[in-house]
Amino acid sequence: MDITKINLEEFKKLNSIYLDNILDGFNNYPNITIEGTEEDVNNAIKSLVDANGFENSYGDFYYGRIDEEAKNKVKASLKEEEIALIQSLELVREDIFLRLTPELLEILLKLTAKEVLFSTFYFTKYPCLIWGNYGRKYPVFFKDESVMKIVLEDILFYG
Numbered sequence: 004m005d006i007t008k009i010n011l012e013e014f015k016k017l018n019s020i021y022l023d024n025i026l027d028g029f030n031n032y033p034n035i036t037i038e039g040t041e042e043d044v045n046n047a048i049k050s051l052v053d054a055n056g057f058e059n060s061y062g063d064f065y066y067g068r069i070d071e072e073a074k075n076k077v078k079a080s081l082k083e084e085e086i087a088l089i090q091s092l093e094l095v096r097e098d099i100f101l102r103l104t105p106e107l108l109e110i111l112l113k114l115t116a117k118e119v120l121f122s123t124f125y126f127t128k129y130p131c132l133i134w135g136n137y138g139r140k141y142p143v144f145f146k147d148e149s150v151m152k153i154v155l156e157d158i159l160f161y162g
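So this is what it looks like as structure tokens:
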């Protein structure tokens, strides 16, 4: 599966939530916070990917905007094949949003959990986003109360 790069302008046209900062989310959208072990949080994110499908699941990835020192920290956290995948993307400053693939999802989950490079995960079938990571606390913002109810009761089983 090819990884699709999407710029901010195109991303905003999707049926998703976009936040300039986290306070906008807390002030304007229904939300919860997911907490737990790395495995717990990653399983919650994977459940949302499963429910939305990879075609409706995105991550932001600021690799194209960071300096060489930060890129070296990212590379030090990854396996050789993961580094090769990231380098094959040829990310530039404008390339922030990526449609998720199984391989990319694993990379972003790992880097976010280890606090090397943070990603936010966006979903468009059930419009919500997961902002990672504050000491293993991941705020989740929902487009509205009805989406929140579906996600919590039918996908994450927080009912």
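If you want our numbering, it's the 1-based position in the sequence shown plus 3.
Using N, Cα and C, we set each Cβ at its ideal position, and we do this for glycine too.
Residue 78 vs residue 119 beta-carbon contact at 7 Å: For the purposes of this step, residue 78 is identified with residue 75 of the sequence shown, where counting begins at 1. For the purposes of this step, residue 119 is identified with residue 116 of the sequence shown, where counting begins at 1. No; because the gap between Cβ atoms is not below 7 Å, this pair is not in contact.
7 Å Cβ cutoff met for residue 6 and residue 104: As a working mapping, residue 6 is identified with position 3 in the sequence shown. As a working mapping, residue 104 is identified with position 101 in the sequence shown. The answer is yes: Cβ separation under 7 Å.
Residue 49 in three-state terms, based on DSSP: Numbered from its first residue, the sequence shown carries residue 49 at position 46. Helix, per DSSP.
Whole beta strand (DSSP E) elements within the region 97-134, 3-residue minimum: Here the runs fully enclosed are 100-102, 123-126 and 131-134.
Rounded Cβ spacing between residue 139 and residue 44 (contact assumed at less than 8 Å): By one-based count along the sequence shown, residue 139 stands at place 136. By one-based count along the sequence shown, residue 44 stands at place 41. The C-beta distance from residue 139 to residue 44 rounds to 6 Å, short enough to meet the 8 Å contact threshold.
Where residue 74 sits in the DSSP three-state scheme: What you label residue 74 is simply residue 71 of the sequence shown in a count that begins at 1. In the structure shown, residue 74 sits in a helix (DSSP, three-state: H, G or I).
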